[in-house]
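Take a look at the structure set out below.
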Ligand SMILES: [Ca+2]
Ligand SMILES: [Ca+2]
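Below, the structure is given as structure tokens:
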């Protein structure tokens with residue numbers, strides 16, 4: 052150990068030594084000094100660990116600003132708590148990451164200014180759009196904002212009550228997902244249930260320029276709203292809990308899609324959640340099956356879907372409650388319109404994650420989380436019977452099994468998991484093989500290389516669902532137009548005035564709503580949920 056000269060000179064003990072050596076002399080002999088210094092240093096080293104109280108402080112460190120190193124043997128608990136509080140930054144922000152740069156006061160004064168433009172500084176629901184924009188929020192947040200500030204009770208929101216509400220929201224909720232949940236959820240709830248979306252969607256129906264014709268047909272409002280809610284839960288509620296959390300909102304495209312509504316006047320361009328055409332297709336498909344139009348369908352009704360393409364065994368599984376909400380399906384043997392939305396999207400798009408989960412639950416008869424060989428055989432049996440009835444010789448189960456295992460490549464032998472099916476990207480072919488004969492035979496006839504090409508193509512193509520909905524809409528409109536033209540033909544024959552092509556076009560558009568109006572007009576206002 053080296054003791055620096057500077058520190059030695061400052062050391063009062065050493066000064067004492069030097070004074071002792073020099074006592075009675077005018078100078079200190081170098082040899083004597085070196086000898087004394089050596090013994091002095093040795094005693095200093097020996098004494099160091101046991102410094103008595105009252106001994107002078109050690110010399111200051113050369114760089115006083117540098118932090119003192121931790122003592123060599125600190126108490127264990129101190130280390131843990133010190134490390135936690137100092138070294139690990141906060142990483143969990145359920146209400147979003149607070150943004151130190153955002154200027155809340157500026158936002159609040161902008162809102163105040165927006166209220167000055169409103170009569171008596173009291174905004175009704177029609178004025179809320181301006182306020183939503185002043186808050187920096189998408190336009191269609193206006194109805195939830197109106198409700199959150201108490202507008203529902205009085206019919207208007209005052210500047211003061213709105214700013215109080217918004218100030219509280221800004222200080223507790225730091226990102227859009229967290230704010231959105233806070234605005235829509237029931238008091239002291241941190242997730243969204245299906246009915247929480249109704250005011251927002253009713254406002255979309257009432258005010259979106261692409262839905263003006265729907266606005267005038269109140270009997271469809273709840274059908275459209277139910278459809279959109281089911282589509283939101285189908286896509287966003289990845290946990291199947293029936294409660295959408297802020298994390299699920301953040302992971303989804305829902306808020307971005309909602310924001311698009313104010314920019315896109317043609318609601319049919321927004322194929323996620325809101326498209327009227329998609330609603331029309333889903334509703335017409337249900338209408339065809341619901342012969343007594345009580346808004347419920349039986350097991351026999353559902354099996355008629357798409358010319359009985361789905362097997363009875365899979366329909367039975369759906370009606371056993373494997374994938375439906377509530378107990379109505381099991382207890383009363385009837386499926387609601389809301390449950391049908393889930394069925395239809397799953398049936399027509401077997402590649403999307405919710406659909407893969409939907410059919411997995413149906414095929415996992417014993418509910419152990421894997422598809423075992425006996426479960427596969429159970430579903431394939433019915434396919435074989437159907438093929439034989441059609442005069443087609445089915446592939447023996449063992450050969451088919453080899454094909455399917457080759458397709459899915461499960462991680463562990465003889466057990467197919469949900470993960471295997473999601474990873475293989477061939478879930479649609481797998482599922483159709485076991486319970487949709489028509490589509491199975493279609494796949495069989497397709498060029499296997501074309502299938503492979505589909506799978507490898509990663510570019511953002513329309514989903515199977517988008518493609519199905521677009522084709523079906525065309526077909527439905529063409530059918531309606533043909534029917535209308537046929538009827539008009541008689542009228543025109545009598546008046547001897549052939550309709551102009553533009554008239555046909557215009558009528559074609561009207562037909563869609565009028566025929567739906569006809570379909571729904573007879574229905575009582577039944578609330579499905
Ligand atoms: Ca019915
Ligand atoms: Ca199983």
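In the numbering used here, the protein residues as written are 52 to 580.
The C-beta atom is built at its ideal place from N, Cα and C for all residues, glycine as well.
Residue 584 by DSSP, collapsed to three states: which one? Coverage of the chain is limited to positions 52 through 580, which leaves residue 584 absent and any answer about it impossible.
Give the single residue among 533, 538, 524, 443 whose Cα lies nearest to the Cα of residue 491. Nearest C-alpha to residue 491: 443.
Compute the distance between the beta-carbons of residue 225 and residue 146, then report whether it is under 8 Å. Result yes, Cβ atoms of residue 225 and residue 146 sit closer than 8 Å.
beta-carbon residue 467 near ligand 1 non-hydrogen atom, thresh 7 Å: It does not: the Cβ of residue 467 is nowhere closer than 7 Å to a heavy atom of ligand 1.
Hey, is the stretch 459-479 in contact with the stretch 413-426, meaning 3+ C-beta pairs nearer than 8 Å? The stretch 459-479, when compared against the stretch 413-426, does touch it at the 8 Å Cβ threshold.
What are the residues that DSSP puts in a beta bridge with residue 347? Paired residues: 387.
Out of 158, 324, 409, 194, which has the shortest C-alpha to C-alpha gap to residue 376? Of all alpha-carbon atoms in 158, 324, 409, 194, the one lying nearest the alpha-carbon of residue 376 is that of 409.
Could you tell me the distance, in whole angstroms, from the CA atom of residue 558 to the CA atom of residue 250? Any reading at residue 558 must be qualified, since the residue scores a pLDDT of 37, below 50, and its modelled position is unreliable; no value is offered.
Kindly indicate the opening and closing residues of the alpha helix (DSSP H) around residue 283. In the DSSP annotation of this structure, the continuous segment of the alpha helix (DSSP H) that includes residue 283 starts and ends at 269-287.
How many Å lie between residue 7 and residue 144 at the Cα? Residue 7 lies beyond the residue range present for the chain, which begins at 52 and ends at 580; the question has no answer from this structure.
Just checking residue 175 against ligand 1 - is the residue's beta carbon closer than 7 Å to any of the ligand's heavy atoms? No, Cβ of residue 175 sits at least 7 Å from all heavy atoms of ligand 1.
The alpha helix (DSSP H) that contains residue 424, what's its start and end? Element bounds for residue 424: 424-440.
Pull up the distance between the alpha-carbon of residue 494 and that of residue 286, whole angstroms please. Straight-line spacing of the CA atoms in residue 494 and residue 286 works out to 26 Å.
Comparing the CB of residue 371 with every heavy atom of ligand 2, is any distance shorter than 7 Å? No, the beta carbon of residue 371 sits no closer than 7 Å to any heavy atom of ligand 2.
With distance defined between alpha-carbon atoms, name the residue in 254, 223, 227 nearest to residue 239. Residue nearest to residue 239 within the set 254, 223, 227 is 223 (criterion: CA-CA distance).
Tell me which same chain residues have a C-beta within less than 6 Å of the C-beta of residue 451, skipping the five on either side of it? Excluding sequence neighbours, residue 451 sits near nothing in its chain.
Have a look at 191, 383, 218, 497 and flag the residue whose alpha-carbon is nearest the alpha-carbon of residue 153. When only C-alpha atoms are compared, the closest one is 218.
For the alpha helix (DSSP H) holding residue 331, just list the boundary residues, first then last. 327-340 is the extent of the alpha helix (DSSP H) around residue 331.
Where do the ends of the alpha helix (DSSP H) carrying residue 401 lie? Careful: residue 401 lies outside any alpha helix (DSSP H) and carries neither H nor E.
Contact set for residue 581: own chain, Cβ-Cβ below 8 Å, skip 5 residues either direction: The structure shown has nothing for residue 581, since the chain only spans 52 to 580.
Are residue 401 and residue 483 close, meaning C-beta to C-beta below 8 Å? Their beta carbons are under 8 Å apart, which means residue 401 touches residue 483 by this criterion.
For ligand 2, any of its heavy atoms closer than 7 Å to the Cβ of residue 15? Given that the chain is displayed from residue 52 to residue 580, the structure contains no residue 15 and the question cannot be resolved.
In whole angstroms, what separates the C-alpha of residue 276 from that of residue 440? If you draw a straight line from the Cα of residue 276 to the Cα of residue 440, it is about 43 Å long.
Note down, in chain order, each residue of its chain lying with its Cβ closer than 7 Å to the Cβ of residue 206, except the 5 sequence neighbours on either side. Cβ neighbours of residue 206 beyond the five flanking positions: 175.
Of all the options 196, 334, 156, 405, which has the alpha carbon lying nearest to the alpha carbon of residue 346? The residue with the shortest Cα to Cα distance from residue 346 is 334.
Ends of the alpha helix (DSSP H) at residue 217? Residue 217 -> alpha helix (DSSP H) spans 210-223.
Span separating the alpha-carbon of residue 288 from that of residue 156: Straight-line measurement puts the Cα of residue 156 at about 35 Å from the Cα of residue 288.
Assess contact between the stretch 183-190 and the stretch 162-175, defined as three or more Cβ pairs (one per stretch) separated by less than 8 Å. Is contact present? A contact exists between the stretch 183-190 and the stretch 162-175.
Residue 488 in three-state terms, based on DSSP: DSSP places residue 488 in helix when its eight states are reduced to three.
Residue 230, DSSP secondary structure in three states: For residue 230, the secondary structure class from DSSP, reduced to helix, strand or coil, is helix.
Would you give the residue range spanned by the alpha helix (DSSP H) that residue 370 belongs to? Per DSSP, residue 370 belongs to the alpha helix (DSSP H) from 363-370.
Around the C-beta of residue 150, are 16 or more other C-beta atoms found within 10 angstroms, so that it is buried, or is it exposed? Answer is exposed; the Cβ neighbour count stays below 16.
Please tell me whether residue 414 has its Cβ less than 8 Å away from any Cβ of chain C. Given the protein chain composition of this structure (a single chain), no chain C is represented.
Examine ligand 3 and report whether any of its heavy atoms sits within less than 7 Å of the Cβ of residue 348. Absent from the structure shown: ligand 3. Ligands present: ligand 1 and ligand 2.
Under the criterion of a Cβ to heavy atom distance below 7 Å, does residue 257 qualify as lining ligand 1? Flag unset: Cβ of residue 257 not near ligand 1.
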